[in-house]
Amino acid sequence: MLMAMPHTFEPQVVDAVLHHMNDDHHDDSLLIARAFGAPDAERSVMTALDGDGGTWLVTESGEQRELRVAWSQPITERPEIRREVVVLYDRACAALGIEPRPH
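Here UniProt numbering is used: the first residue of the sequence shown is 1, the next is one more, and so on.
Structure follows, in structure tokens:
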């Protein structure tokens, strides 16, 4: 059975999203990391994304590793990226018992 390759966004789209997430939403990235596989994360930097999910470089106890988090559904359009990051943020807040800020 062949697996479909995830949608690849243009490099300038990926760069813009990474810049925005790492400059303006670093706290959100940390919440996402803690909720989805790195509960002791001290730092989280988004490093990549495609149509299936995002990748963060997380630091736990001084050790770095990649953490891949899937979107709620596959995406192919730039506006869907924001929607999916918001979904991850909301799910992370729910998992950690934190009140999400309004969007």
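No residue lacks a Cβ here, since even glycine has one placed at the ideal position from N, Cα and C. Bear in mind that the values here come from a model prediction, so they are computed numbers and not experimental data.
What did DSSP end up calling residue i once you bin it into helix, strand or coil?
i: Asp50; result: strand
i: Pro11; result: helix
i: Arg91; result: helix
So residue i packs on residue j, CB below 8 Å; how close in whole Å?
i: Leu67; j: Val14; result: Leu67 to Val14, Cβ: 17 Å. No contact.
i: Pro74; j: Gly51; result: 5 Å
i: Phe9; j: Arg78; result: 7 Å
i: Asn22; j: Met46; result: 6 Å
i: His7; j: Thr76; result: 4 Å
How would you call residue i, buried or exposed, if buried means at least 16 neighbouring beta carbons within 10 angstroms?
i: Val85; result: buried
i: Ser72; result: exposed
i: Gly54; result: buried
i: Asp28; result: buried
i: Ala38; result: buried
i: residue 106; result: With the chain covering only 1 through 103, there is no way to say anything about residue 106.
i: Ala41; result: buried
Is the number of C-beta pairs between the region 27 to 41 and the region 57 to 65 that are closer than 8 Å three or more?
yes
Can you list, in chain order, the stretches of the alpha helix (DSSP H) that have 4 or more residues and sit fully within the UniProt domain "DUF2470" (16 to 86)?
26 to 35
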